[in-house]
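2 protein chains.
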Amino acid sequence: MSMSARTIDPEFEDIAFTPRQEAVLEHALALLVGGGEKALTTAGLARTANCSKESLYKWFGDRDGLLAAVVAYQASKVHFPPESGATADAETFKAHLVAFATELLAVLFGETSLALNRLSIGQSNRDDSRLGRLLLVRGKHMISARARSLLEAGRHRGLIKFNDAEEAYQVLYGLAVRDVHIRLLLGDTPSDAERDLEAQARDAVDRFYRLFGA
Amino acid sequence: MSMSARTIDPEFEDIAFTPRQEAVLEHALALLVGGGEKALTTAGLARTANCSKESLYKWFGDRDGLLAAVVAYQASKVHFPPESGATADAETFKAHLVAFATELLAVLFGETSLALNRLSIGQSNRDDSRLGRLLLVRGKHMISARARSLLEAGRHRGLIKFNDAEEAYQVLYGLAVRDVHIRLLLGDTPSDAERDLEAQARDAVDRFYRLFGA
DNA sequence: CCCGAACCGTACCGTACGGTACAAACACTT
DNA sequence: AAGTGTTTGTACCGTACGGTACGGTTCGGG
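Below, the structure is given as structure tokens:
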């Protein structure tokens, strides 16, 4: 990921889909969520979205471009709210951490996120994992940046302490997600306790405080 | 094929592959690791393994059966050693935990495990995730059982304390794996620090002790 | 009202791949 | 040596799907 690398990666350009295209991408998303990658055929999408294959190829280039567009589009819809002003209170800061963790779990365990992760992972060791990169840079990195700024704020107010914000975030991630994400990706059904995202988030944040609390 | 003979999961039957079949499965594994699912075609496997497609279909039924056989075969090769006798020493117990975590990471982050996980995940929302179940029951559940017995031993000797062994194990898993597994599945390259599995395992176990130490 | 651009629907092509059929080669028993 | 089963190699079939071409239709601007 050095500075050169400007020659490729057409889907790094800012996405500006027309409403029509977004509607089509929404149909594509529905197909993906419903039946996995194989369910998303160009003919099938054209049929269910009432558009022509020719338009698909005009808009997205080829099938891979379509998949990339779907990933980019969905990622553009997920935006974690930036830190809500100055919350000096220790209590509310912890509540913010719990809220963040809860939303993280809600996103990760959502059917659309799972479907897109399955898609990207499935393609991820054939074609140099273009989709995987896209998902990472448009999804995980955004979330991680948001988390780091939140944690830094907490440290700045002396509520928690750590050396490396990224490391602290990863610990929080691990405490919250554990192996549930991979199990869901593999088709497992979560336990009742695992379905209570907020409780999971609270436990994770509690343990996080026991490791990084000031 | 047998008609309606079985209602449940044909690949749960005990696997007894002949040496010839194992050699073929080894080739299949190599293809999978090298190029993802698409690289594993029946014709391609027959060519590289010097066997006939007819034999493949005779042995494994169809392509899905072949994939299941690959998963089952590889899983059968990974066996975590059961707890090595009575290790009363607190020091060696912690070392055992570190060793376990290290081996866990080594397995999860290995190319073959990644390839198999990618394969299973890729198929995991089309066909009711047969492969995913297989991987879970033959892989994760085994490991988790091993971990639980190890943790129970530690608790029994008063070295650590917890209520639910499964929960404790999941925390240890989260601390050790964090988001590295999913990132690797997506084709990301690990950082230098993340490549030092033993150091990662030590950190994880240290934090685990701060949460569950007696 | 006309023109061109974008788009729809459908038909079509090429190919890759799962699965089957079959003849020749090998192996193993009697 | 003959018979029987298994494996190989190859050729073949059907189909699903990515990608293209094209005639017909809508729609906005002049």
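Note that the protein sequences, when read in sequence, are chains A and B. Per the working numbering, the first sequence starts with residue 24, numbered consecutively. Per the working numbering, the second sequence starts with residue 24, numbered consecutively. For each residue, glycine too, the CB sits at the ideal point set by N, CA and C. The structure displayed is predicted, hence computed values, not measured ones.
For chain A, check one thing: does any of its Cβ atoms lie closer than 8 Å to the Cβ of residue i?
| i | result |
| --- | --- |
| residue 266 (chain B) | The question about residue 266 (chain B) has no answer here: the residues shown for chain B are numbered 24 through 237. |
| residue 211 (chain B) | yes |
| residue 181 (chain B) | no |
| residue 202 (chain B) | yes |
| residue 178 (chain B) | no |
| residue 138 (chain B) | yes |
| residue 197 (chain B) | yes |
| residue 234 (chain B) | yes |
| residue 230 (chain B) | yes |
| residue 141 (chain B) | yes |
For residue i, would you say it is in contact with chain B, using Cβ-to-Cβ distances shorter than 8 Å as the test?
| i | result |
| --- | --- |
| residue 193 (chain A) | yes |
| residue 222 (chain A) | no |
| residue 43 (chain A) | no |
| residue 206 (chain A) | yes |
| residue 28 (chain A) | Any reading at residue 28 (chain A) must be qualified, since the residue scores a pLDDT of 31, below 50, and its modelled position is unreliable; the value itself is stated next. Not one chain B Cβ lies under 8 Å of residue 28 (chain A). |
Taking the alpha helix (DSSP H) that residue i falls in, what are its first and last residues?
| i | result |
| --- | --- |
| residue 100 (chain A) | 86-100 |
| residue 189 (chain A) | 188-200 |
| residue 212 (chain A) | Per DSSP, residue 212 (chain A) belongs to no alpha helix (DSSP H) and is neither H nor E. |
| residue 77 (chain B) | 76-83 |
| residue 235 (chain B) | 220-235 |
| residue 106 (chain B) | Here residue 106 (chain B) belongs to no alpha helix (DSSP H), and DSSP marks it neither H nor E. |
| residue 185 (chain A) | From DSSP, residue 185 (chain A) is part of no alpha helix (DSSP H); its letter is neither H nor E. |
| residue 57 (chain B) | 42-58 |
| residue 117 (chain B) | 113-131 |
| residue 135 (chain B) | 134-145 |
| residue 67 (chain B) | 65-72 |
| residue 158 (chain A) | 153-158 |
| residue 170 (chain A) | 164-179 |
Who are the near neighbours of residue i in its chain, counting only those whose CB is closer than 7 Å to its CB and skipping five residues on each side?
| i | result |
| --- | --- |
| residue 219 (chain A) | none |
| residue 199 (chain B) | 124, 127, 128, 223, 224, 227 |
| residue 142 (chain B) | 55, 60, 90, 154 |
| residue 52 (chain B) | 93, 97, 135 |
| residue 25 (chain B) | Note that residue 25 (chain B) has pLDDT 35, beneath the 50 cutoff, so the model's placement of it is unreliable and the number below is only indicative. Nothing listed; no residue qualifies. |
| residue 145 (chain B) | 60 |
| residue 238 (chain A) | Beyond the ends of chain A as shown, which are 24 and 237, falls residue 238 (chain A); an answer cannot be given. |
With a threshold of 16 other CB atoms inside 10 Å of the CB of residue i, please say whether the residue is buried or exposed.
| i | result |
| --- | --- |
| residue 114 (chain A) | exposed |
| residue 237 (chain A) | exposed |
| residue 197 (chain A) | buried |
| residue 164 (chain A) | exposed |
| residue 73 (chain A) | exposed |
| residue 75 (chain A) | exposed |
| residue 186 (chain A) | exposed |
| residue 102 (chain A) | exposed |
| residue 230 (chain A) | buried |
| residue 117 (chain B) | buried |
| residue 181 (chain B) | exposed |
| residue 85 (chain B) | exposed |
| residue 1 (chain A) | In the structure as shown, chain A starts at 24 and stops at 237, and residue 1 (chain A) therefore has no counterpart that could be examined. |
| residue 152 (chain A) | buried |
| residue 50 (chain A) | buried |
| residue 138 (chain A) | buried |
| residue 211 (chain B) | buried |
| residue 43 (chain B) | exposed |
| residue 95 (chain A) | buried |
| residue 201 (chain B) | buried |
Note down, in chain order, each residue of its chain lying with its Cβ closer than 8 Å to the Cβ of residue i, except the 5 sequence neighbours on either side.
| i | result |
| --- | --- |
| residue 28 (chain A) | Confidence is the limiting factor: at residue 28 (chain A) the pLDDT is only 31, short of 50, which leaves the residue's position unreliable, though a coordinate-based value still follows. None. |
| residue 221 (chain B) | 121, 125 |
| residue 173 (chain B) | 106, 119, 120, 123 |
| residue 132 (chain B) | 203, 204, 207, 213, 220 |
Under 6 Å Cβ to Cβ from residue i, same chain only, skipping five residues before and after it: list those, please.
| i | result |
| --- | --- |
| residue 217 (chain A) | 203 |
| residue 148 (chain B) | none |
| residue 188 (chain A) | 171, 174, 175 |
| residue 14 (chain B) | This structure does not reach residue 14 (chain B), given that chain B is present from 24 up to 237, and the question cannot be answered. |
In chain order, what residues of the stretch 147-174 of chain B put their CB closer than 9 Å to some CB of chain A?
Within the stretch 147-174 of chain B, the qualifying residues are 147, 148, 149, 150, 151, 152, 153, 154, 155, 156, 158, 159, 163, 167.
Members of the stretch 63-93 of chain B that neighbour chain A once the beta carbon cut-off is set at 9 Å
Residues of the stretch 63-93 of chain B that bring their beta carbon within less than 9 Å of a beta carbon in chain A are absent altogether.
Where the stretch 105-133 of chain B meets chain A: residues whose CB sits under 8 Å from a CB there:
Along the stretch 105-133 of chain B, there is no position whose C-beta sits under 8 Å from a C-beta of chain A.
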